[in-house]
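Order-wise, the sequence lines are chains A and B. Numbering that gives the first Met the number 0 applies: residue 0 is where the first sequence begins, and numbers increase by one. Numbering that gives the first Met the number 0 applies: residue 0 is where the second sequence begins, and numbers increase by one. Ideal Cβ placement from N, Cα and C applies to all residues, glycine included.
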Amino acid sequence: MELINKWPEYHKKDVVSHYCPGCGHGIVHRIVAELLEEMDLGKKAYLVCPAGCAVLAYLYLDFDIIESAHGRGTAIATGAKRANPDLFVISYQGDGDLSAIGTAETIHSANRGENICVIFINNAVYGMTGGQMAPTSLLGQSTMTSPMGRNPEVDGYPLHITDVVAQFPGVAYAERVTVSSPAGVKKTKKAIRNAFLTQQEGLGYSIVEVLSPCPTNWKMDPVTACKWVDNEMTKEYKPGLLTDKREEKRKEKG
Amino acid sequence: MSKKDKVFTVKVRRDFCKGCGLCIEFCKKEVLAASPKLNRMGYNPAEAVNSAACIGCLMCTQMCPDLAIEVYSG
Chain A
0 MELINKWPEY
10 HKKDVVSHYC
20 PGCGHGIVHR
30 IVAELLEEMD
40 LGKKAYLVCP
50 AGCAVLAYLY
60 LDFDIIESAH
70 GRGTAIATGA
80 KRANPDLFVI
90 SYQGDGDLSA
100 IGTAETIHSA
110 NRGENICVIF
120 INNAVYGMTG
130 GQMAPTSLLG
140 QSTMTSPMGR
150 NPEVDGYPLH
160 ITDVVAQFPG
170 VAYAERVTVS
180 SPAGVKKTKK
190 AIRNAFLTQQ
200 EGLGYSIVEV
210 LSPCPTNWKM
220 DPVTACKWVD
230 NEMTKEYKPG
240 LLTDKREEKR
250 KEKG
Chain B
0 MSKKDKVFTV
10 KVRRDFCKGC
20 GLCIEFCKKE
30 VLAASPKLNR
40 MGYNPAEAVN
50 SAACIGCLMC
60 TQMCPDLAIE
70 VYSG
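Next comes the structure, spelled out in structure tokens:
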């Protein structure tokens with residue numbers, strides 16, 4: 000008997016995560032750990048954790064991790080990468096962190112074209128604090144602070160931050176994927192691999208937005224939450240490649 | 000032995016499973032089902048009820064957020 004799905008080297012074994020049943024964070028953690036092992040980057044990897052549900056990622060991932068102030072993930076990642084360009088710097092952020100509190104840091108680090116990878120987990124609510132409305136919440140979505148549904152006259156429209164930063168010349172690679180089906184998980188792995196390769200080649204900023212289910216705060220069971228991602232969230236946030244300027248960047252570098 | 004004749008064994012690490020049911024939903028061969036017995040955390044974990052039907056596609060392990068499923072070949 001041979002085990003086919005080997006445990007990723009950079010994922011701690013025999014820990015039970017604090018994530019709710021059916022949360023997408025566990026899947027993305029596994030993908031990051033697997034890719035660091037496959038690409039042999041674990042020894043120089045440096046992950047910046049956000050404030051949010053993934054705040055305790057250092058309990059599950061087994062490489063260098065730093066905790067950032069709320070929203071300041073890409074600022075810390077910038078400092079780390081500039082101080083030691085040999086590090087492989089990843090900023091792992093949620094939607095409340097990256098697109099609400101850290102909008103300035105996100106936009107300016109992308110505009111500077113910092114050579115870092117950003118993994119952006121979008122679940123359309125503030126998960127850790129109990130399901131309040133986030134800038135990324137869908138129109139009509141019922142949350143703790145919008146019980147009658149998000150009303151655009153009062154709350155504005157869903158913020159497409161990845162589409163915004165994808166337009167910047169410094170952003171080499173931006174893609175939106177989902178983790179709500181096995182096919183989506185495979186695409187997520189491919190997208191994150193491309194983002195990692197972008198940083199390895201020194202081509203600039205790369206961002207992967209992952210549409211992830213949050214069954215607890217959406218008040219659904221995990222299977223329905225996955226269907227909701229596929230049927231509702233992807234209508235607002237269309238999955239696919241948003242920009243790929245790697246070829247131009249390679250030519251610029253010569 | 001061709002790939003078709005390969006035998007796979009599925010094991011679920013009971014105390015790591017949170018019973019989200021994503022593996023049960025996405026397994027096309029209905030290998031997994033929710034166990035009626037509760038585990039250490041008070042969830043009904045998934046269990047392999049029909050391991051012989053497994054074709055080793057690893058969709059369950061792709062979707063498992065808690066790395067609770069182990070698939071063995073042979």
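DSSP, read as helix, strand or coil, puts lysine 5 of chain A in coil. For the 8 Å CB-CB criterion, glycine 130 of chain A and asparagine 216 of chain A form a contact. Here arginine 81 of chain A is exposed: its Cβ has fewer than 16 other Cβ atoms, across all protein chains shown, within 10 Å.
Proline 212 of chain A counts as buried, since at least 16 other C-beta atoms from the protein chains shown sit within 10 angstroms of its C-beta.
Under the DSSP assignment, isoleucine 89 of chain A falls in the beta strand (DSSP E) whose first and last residues are 87-93.
For glutamate 174 of chain A, the enclosing beta strand (DSSP E) stretches over residues 170-177. In terms of Cβ geometry, serine 34 of chain B and glutamate 24 of chain B do not form a close pair [threshold 8 Å]. Residue-level contact check: aspartate 65 of chain B touches chain A, since one or more beta carbons of chain A fall below 8 Å from its beta carbon. Going by C-alpha positions, lysine 27 of chain B is about 37 Å away from alanine 165 of chain A. In this structure the stretch 123-140 of chain A does not lie against the stretch 69-87 of chain A, because fewer than three pairs of beta carbons, one per stretch, are closer than 8 Å. Its Cα nearest to that of isoleucine 30 of chain A, the residue A/Asn193 stands out among A/Lys234, A/Val170, A/Asn193 and A/Pro214. In the structure shown, tyrosine 125 of chain A adopts extended strand secondary structure according to DSSP, grouped into three states. Not a single C-beta of chain B is nearer than 8 Å to the C-beta of tyrosine 91 of chain A. With fewer than 16 other CB atoms across the displayed protein chains lying within 10 angstroms of its CB, arginine 249 of chain A is exposed. If you check each beta-carbon in the stretch 21-49 of chain B against every beta-carbon of chain A, the ones closer than 8 Å belong to Leu21, Glu24, Phe25, Met40 and Tyr42. In this structure, the alpha-carbon of arginine 175 of chain A lies about 15 Å from that of tyrosine 204 of chain A.
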